[in-house]
Amino acid sequence: MNKRSIRLVFDMILAIAISVSVHQLFEFIFNGFTNLHFSLVLVPLIWLALRYGASTAVLAAAMTGLINGLIDFHFSEWVNIILYEILPLLSSGLAGLFAKYTQKTLNNRRLKSTYLNISTASILVTLTYFALKFFIVPMGTGNLTELSISKLEFWASFALMAVAAAVLLCTAAKAMPRWIIPARTKYLTRKETSSLLND
Numbered sequence: 001m002n003k004r005s006i007r008l009v010f011d012m013i014l015a016i017a018i019s020v021s022v023h024q025l026f027e028f029i030f031n032g033f034t035n036l037h038f039s040l041v042l043v044p045l046i047w048l049a050l051r052y053g054a055s056t057a058v059l060a061a062a063m064t065g066l067i068n069g070l071i072d073f074h075f076s077e078w079v080n081i082i083l084y085e086i087l088p089l090l091s092s093g094l095a096g097l098f099a100k101y102t103q104k105t106l107n108n109r110r111l112k113s114t115y116l117n118i119s120t121a122s123i124l125v126t127l128t129y130f131a132l133k134f135f136i137v138p139m140g141t142g143n144l145t146e147l148s149i150s151k152l153e154f155w156a157s158f159a160l161m162a163v164a165a166a167v168l169l170c171t172a173a174k175a176m177p178r179w180i181i182p183a184r185t186k187y188l189t190r191k192e193t194s195s196l197l198n199d
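Below is the structure:
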């Protein structure tokens with residue numbers, strides 16, 4: 001494995017570990033305490049998608065969902081694990097659509113465009129996650145949802161998670177561009193990458 005592959009694997013493991021830890025922590029803190037669904041589980045996965053692209057984020061999301069599902073559900077409830085844990089998290093792959101332009105604008109110091117890309121990715125991923133987890137999957141399986149799309153709590157939860165993801169990732173991009181742009185990224189030329197690393 002070359003250095004880029006090793007770094008990619010390390011970042012995947014890091015994103016999965018943080019996502020699982022955050023999910024379990026928020027489940028423990030907020031379970032039964034509020035009707036809102038708030039968790040930062042998507043943030044590391046969106047970060048991974050913006051850094052390496054959709055395929056890496058989708059793989060990490062599937063593994064994150066599997067681990068969370070095995071913790072939250074019984075080992076025999078594979079359908080629930082796939083539909084309620086893995087499938088919604090796969091929405092993080094949509095952020096990969098913004099990876100190229102996020103990295104190019106960040107490398108060129110066009111921070112407003114970078115923030116727009118990151119914010120749009122965060123909103124799209126979070127909305128798709130909520131639609132799958134609390135509307136499409138429950139409607140398709142005929143199960144009651146804990147957070148109806150017609151309720152204020154659904155939209156408040158979506159807004160909180162989307163804003164939190166956007167703010168955290170925009171702050172990371174401004175404070176440390178290397179957190180978004182890896183060495184030898186496929187989205188920048190060698191000249192652009194060397195220019196970034198020499199700053």
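Note that the sequence shown covers residues 1 to 199 in UniProt numbering.
Cβ coordinates follow ideal geometry from the N, Cα and C atoms, glycine included.
Which class does residue i belong to by DSSP, given the choice of helix, strand or coil?
i	result
P182	coil
S92	helix
E27	helix
L87	helix
L147	coil
L66	helix
S76	coil
N198	Because N198 carries a pLDDT of 49, less than 50, the predicted location of this residue cannot be relied on, and no value is offered for it.
L14	helix
F134	helix
L59	helix
S39	coil
Report the residue from the options whose alpha carbon sits nearest the alpha carbon of residue i.
i	options	result
M12	R184, E153, L94, S55	S55
V137	I18, W155, Y84, V9	Y84
L94	M139, T141, L42, T114	L42
Y101	F154, K186, L25, S157	K186
A154	L8, A164, L36, R4	For clarity, residue 154 is Phe in the given sequence; the question names Ala instead. Nearest C-alpha to F154: L36.
A165	N117, T189, L188	N117
I6	E192, R184, K191, R190	R184
F10	P182, L188, R109, R190	P182
I16	F98, A57, D72	A57
Y115	V167, T141, F134, F73	V167
M161	F26, L14, N2	F26
If residue i sits next to residue j, beta carbons under 8 Å apart, how far is it from one beta carbon to the other, in whole angstroms?
i	j	result
S39	V22	6 Å
I81	G69	3 Å
residue 233	R51	Nothing about residue 233 can be read from this structure; the chain reaches only from 1 to 199.
Where does the unbroken alpha helix (DSSP H) through residue i begin, and where does it stop?
i	result
P138	137-141
N117	111-131
P44	42-52
T174	For clarity, residue 174 is Lys in the given sequence; the question names Thr instead. Run containing K174: 152-175, per the alpha helix (DSSP H) assignment.
residue 205	Any answer about residue 205 is impossible in this case: the structure gives the chain only from 1 up to 199.
L106	99-107
Discussion item. With three or more C-beta pairs closer than 8 Å as the rule, is the region 98-108 touching the region 144-151?
Written reply: The region 144-151 makes no contact with the region 98-108: fewer than 3 CB pairs, one atom from each, lie closer than 8 Å.
Fill in: Three-pair Cβ contact test at 8 Å for the region 56-66 versus the region 79-96
The region 56-66 is in contact with the region 79-96.
Practice prompt. Decide if the region 70-80 is in contact with the region 124-131; the criterion is three or more beta carbon pairs, one per stretch, under 8 Å apart.
Written response: With a cut-off of 8 Å, the region 124-131 and the region 70-80 do not count as touching, because too few Cβ pairs lie within range.
Worksheet item: Is there contact between the region 43-55 and the region 116-125, where contact requires at least three CB pairs shorter than 8 Å?
Response: The region 43-55 makes contact with the region 116-125, as at least three CB pairs between them are under 8 Å.
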